[in-house]
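Quick note on numbering: our numbering labels position 44 of the sequence shown as 288, and the sequence is numbered without any gaps. Think of the CB as a built atom: it goes at the ideal place given N, C-alpha and C, for glycine as much as any other residue. Data block below; observations after.
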Amino acid sequence: MQERGTDRFPVHELVHAWQIHQTPMDLTFLAEAFVTKVCEATGGNPSSCGPAGASYDEFSIEAQAQVVEDWFAGNTPAGTDRTGQACDTSGPYVQYITGNIRTGSTGSTGSTGSTGSTGST
Numbered sequence: 245m246q247e248r249g250t251d252r253f254p255v256h257e258l259v260h261a262w263q264i265h266q267t268p269m270d271l272t273f274l275a276e277a278f279v280t281k282v283c284e285a286t287g288g289n290p291s292s293c294g295p296a297g298a299s300y301d302e303f304s305i306e307a308q309a310q311v312v313e314d315w316f317a318g319n320t321p322a323g324t325d326r327t328g329q330a331c332d333t334s335g336p337y338v339q340y341i342t343g344n345i346r347t348g349s350t351g352s353t354g355s356t357g358s359t360g361s362t363g364s365t
């Protein structure tokens with residue numbers, strides 16, 4: 245993985261802006277952000293998400309942003325089934341782009357890219 249100074253870094257941060265727009269700023273969202281920082285401080289990796297298949301809302305807020313960043317850049321972190329092709333429209337992670345990011349759905353996504361429940365806006 246490259247340093248955060250690259251052109252894909254704004255993609256990661258824009259996902260956080262999307263999350264804030266799609267999710268009510270309540271204690272749950274703030275608590276998850278706090279847990280993410282505690283995970284980092286104790287040596288954990290809150291951006292880790294593993295292979296595709298889980299619903300988007302099961303990923304931490306950092307993992308959601310990392311999924312989009314890695315899809316955009318074509319990254320292939322260990323433990324994932326990403327293809328290494330930037331913006332791959334047939335890879336396993338495109339379901340989160342088409343079923344969540346593009347539709348504004350913070351809820352679950354099926355393997356076909358259909359959306360489930362949506363978050364409040």
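Can you look up residue i in the DSSP assignment and give me helix, strand or coil?
{"i": "Tyr337", "result": "coil"}
{"i": "Thr347", "result": "coil"}
Beta-carbon separation of residue i and residue j under 9 angstroms?
{"i": "Gly236", "j": "Gly294", "result": "Because the chain is modelled from 245 through 365, residue 236 falls outside the range shown and cannot be assessed."}
{"i": "Val255", "j": "Phe316", "result": "yes"}
{"i": "Tyr337", "j": "Ala296", "result": "yes"}
{"i": "Ser299", "j": "Ser334", "result": "no"}
If residue i sits next to residue j, beta carbons under 8 angstroms apart, how far is it from one beta carbon to the other, in whole angstroms?
{"i": "Pro290", "j": "Glu306", "result": "4 angstroms"}
My parser needs the alpha helix (DSSP H) runs of 4 or more residues fully inside the segment 266-330; what are they? 271-285 and 305-317
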